[in-house]
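Residue numbers for the sequence shown follow the working numbering, beginning at 644 and rising by one. Where a beta carbon is used, it is the ideal one built from N, C-alpha and C, also for glycine. Just so we're clear, the structure is a prediction, and the values are computed from it rather than from any experiment.
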Amino acid sequence: MQDSPADPVSGAITMIGRLIFTLMLAGAASSASAAEGDPAAGKAVFQRTCENCHAAVIGVNKVGPSLWNVVGRKPAAVPDFAYSDAMKANKEAWTPTALEAYLADPRGDVHGVKMFFKGLPNPADRANVIAYLQTLK
Ligand code: HEC
Numbered sequence: 644m645q646d647s648p649a650d651p652v653s654g655a656i657t658m659i660g661r662l663i664f665t666l667m668l669a670g671a672a673s674s675a676s677a678a679e680g681d682p683a684a685g686k687a688v689f690q691r692t693c694e695n696c697h698a699a700v701i702g703v704n705k706v707g708p709s710l711w712n713v714v715g716r717k718p719a720a721v722p723d724f725a726y727s728d729a730m731k732a733n734k735e736a737w738t739p740t741a742l743e744a745y746l747a748d749p750r751g752d753v754h755g756v757k758m759f760f761k762g763l764p765n766p767a768d769r770a771n772v773i774a775y776l777q778t779l780k
């Protein structure tokens, strides 16, 4: 299909349509890359920054609860862990999106949370660690 130079209005509309389509593609590509981290790199982040407080295996609580199978589950669901009231009041399941917000700023996301951790400022670290958490099943 050719844009007709004799009809500048439809030519402009076609151009705007292409621009919107390109922006949509760019948006889809960037959100996909934010969601898809690298589990191997995430394991290294976990060992460096989370493992002091969290075990990756079922039934082992440290300063923080076990993170085995945490992706998709309700917050404050490990039975024998003494969560803060703020975490117990948090009803949003730990989807990758919720984890992403929480790990960016743990104490700002769920107000009053007792995870004394400043968070992961680097988005790639967050995506990778979330990808690793998804393997804990
Ligand atoms: C200094 C210790 C500490 C560090 C470091 C830490 N956490 Fe936590 N984490 C906690 C504590 C304590 C809680 C319970 C919070 C509450 O009850 O308010 C918690 C809660 C959580 C929860 C909610 C669990 C549930 O069962 O609802 C997730 C998810 C989590 N942490 C992920 C991480 C990840 C991923 C890292 C590393 C990037 C990390 N944490 C680093 C101490 C820590």
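C-beta atoms of residue 776 and residue 685 nearer than 9 Å
Taking the first residue of the sequence shown as position 1, residue 776 is located at position 133. Taking the first residue of the sequence shown as position 1, residue 685 is located at position 42. With contacts defined by Cβ atoms closer than 9 Å, residue 776 and residue 685 form a contacting pair.
Per DSSP, residue 704 is paired with what?
Mapped onto the sequence shown, residue 704 falls at position 61. Beta bridge pairing from DSSP links residue 704 with 697.
Grab the span of the alpha helix (DSSP H) containing residue 752 for me, first residue to last.
Position 109 of the sequence shown holds residue 752. Unbroken alpha helix (DSSP H) run through residue 752: 749–752.
Nonlocal neighbours in the same chain, by C-beta distance under 7 Å from residue 762, ignoring five residues either side
One-based indexing of the sequence shown puts residue 762 at position 119. A distance below 7 Å between beta-carbons, with the five flanking residues on each side excluded, links residue 762 to the following residues of its chain, in chain order: 746, 747, 748 and 749.
Can you give the Cα-Cα distance for residue 740 and residue 756, rounded to whole angstroms?
Indexing the sequence shown from 1 puts residue 740 at position 97. Indexing the sequence shown from 1 puts residue 756 at position 113. The C-alpha of residue 756 is placed about 18 Å away from the C-alpha of residue 740.
Using only the heavy atoms of the ligand HEC, determine whether one of them is closer than 8 Å to the beta carbon of residue 744.
Stepping through the sequence shown from its first residue, residue 744 is reached at position 101. No.
What's the gap between the Cα of residue 717 and the Cα of residue 730?
In the sequence shown, counting from the first residue as 1, residue 717 sits at position 74. In the sequence shown, counting from the first residue as 1, residue 730 sits at position 87. Our two residues, residue 717 and residue 730, have alpha carbons roughly 10 Å apart in a direct line.
Under the criterion of a Cβ to heavy atom distance below 8 Å, does residue 708 qualify as lining the ligand HEC?
Against the sequence shown, residue 708 aligns to sequence position 65. Yes; taking the cut-off as 8 Å, the Cβ of residue 708 has a heavy atom of the ligand HEC nearer than that.
If we ignore side chains and look at the alpha-carbon of each, how far apart do residue 765 and residue 722 end up?
Along the sequence shown, one-based indexing puts residue 765 at 122. Along the sequence shown, one-based indexing puts residue 722 at 79. Rounded to the nearest angstrom, the gap between the Cα atoms of residue 765 and residue 722 is 31 Å.
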